[in-house]
Structure formats: C-alpha cells, structure tokens
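Remarks on the structure that follows.
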Amino acid sequence: MSKLTLKQKRFADEYIISANATAAAIKAGYSKKTARSIGQENLTKPDIKAYIDERLEKLESEKIATQEEVLQYLTSIMRGDQQEKTLISVGEFGQKIVDIDVGAKDRIKAAELLGKRYRLFTDKVEMDVSSDVTINVGEWDDD
Numbered sequence: 003m004s005k006l007t008l009k010q011k012r013f014a015d016e017y018i019i020s021a022n023a024t025a026a027a028i029k030a031g032y033s034k035k036t037a038r039s040i041g042q043e044n045l046t047k048p049d050i051k052a053y054i055d056e057r058l059e060k061l062e063s064e065k066i067a068t069q070e071e072v073l074q075y076l077t078s079i080m081r082g083d084q085q086e087k088t089l090i091s092v093g094e095f096g097q098k099i100v101d102i103d104v105g106a107k108d109r110i111k112a113a114e115l116l117g118k119r120y121r122l123f124t125d126k127v128e129m130d131v132s133s134d135v136t137i138n139v140g141e142w143d144d145d
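The numbering of the sequence shown is the working numbering, which starts it at 3 and goes up by one.
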C-alpha cells in the first residue's frame, strides 16, 4: 500500500468515525464546494479503501475479548477482586448506588468455569485399552 497524504489519512479517519464521505472530506480540509465529489472519489481509491478496511478490521477485533482477557476476568471474580453496583435504600424514600463485593455464587460460578477450562472436574476417565480378540470358527456340538 502506498503512502497516503495527510489529507487522505485525515479523510479516512474521519470517514471511519462518521461513515459520511462528504462530512469526512470537509473535516479533512477539502473545500465544501468539492467535498461531495472528492469524498466519493476518495472511497474508490485502492490505497484509501485498503487503509479504511484495515482500520475497521482492527477496531472490530479490539471489541472482542481475547481468551486471555476472559480468563483474567473470571480469575479476578473468583478471587473477589471485582465489585458490582447495587441499589440500597437510604432513609424512608431514598436510594443510593453502592459498590459491593461479588457474591459467593458468582465467585463459585467463575471458579467452576475456570475449572472446566482447565479440566479440573472431569467425571469421565479416558482409557486406552488394546487387546486381541480371538474367534474360533469350527464345528460345534449340538448339545
């Protein structure tokens, strides 16, 4: 991919934010008079399109938690490092949001999920058994 000009990069970054080519062109510094045509033209340029696609893909992948993040989060819940917000009564008609430690049920569930991940609680036993089976084919008595 060839290098984008500063204006093209600004256009692409603004387009990623707004998904509006005309507005992105104006914010990138193109004239309002030509912003619409320049915006549409920029979206057809391979280098700009590739840059936009690459940035969108990166942004999308950042939204999804990795395996490590999930395991770290479950571990922090299990250890009691996380808190949750809850509503409590204050006086006769008042309420207030306070942070409380995660309950035992949630901590046990996190431990259970981690245990499953690391196969700590397996009920079935896998065995590898090999033996020879001999079948005798022949005449049998009718008794």
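Backbone N, C-alpha and C fix where the C-beta goes; we use that ideal spot for every residue, glycine too.
Nearest neighbour of arginine 119 by Cα position, chosen from Gln85, Val135, Leu73 and Gly82, turns out to be Leu73. According to the DSSP secondary-structure assignment, valine 92 is paired through a beta bridge with Gly96. Looking at the DSSP output, glutamate 86 bridges to Ile102.
Sequence-distant partners of threonine 24 (beyond 5 residues in either direction) whose C-beta falls short of 7 Å from its own C-beta, in its chain, are Ala37, Arg38 and Gly41. CA-to-CA, the gap between glutamate 114 and isoleucine 90 works out to about 29 Å. Within the model, the alpha-carbon separation for glutamine 69 versus tyrosine 75 is close to 10 Å. When Cβ pairs closer than 8 Å are counted between the two stretches, the region 43–61 is seen to touch the region 4–20, the count reaching three or more. In this structure, the beta-carbon distance from lysine 9 to alanine 30 falls below 7 Å.
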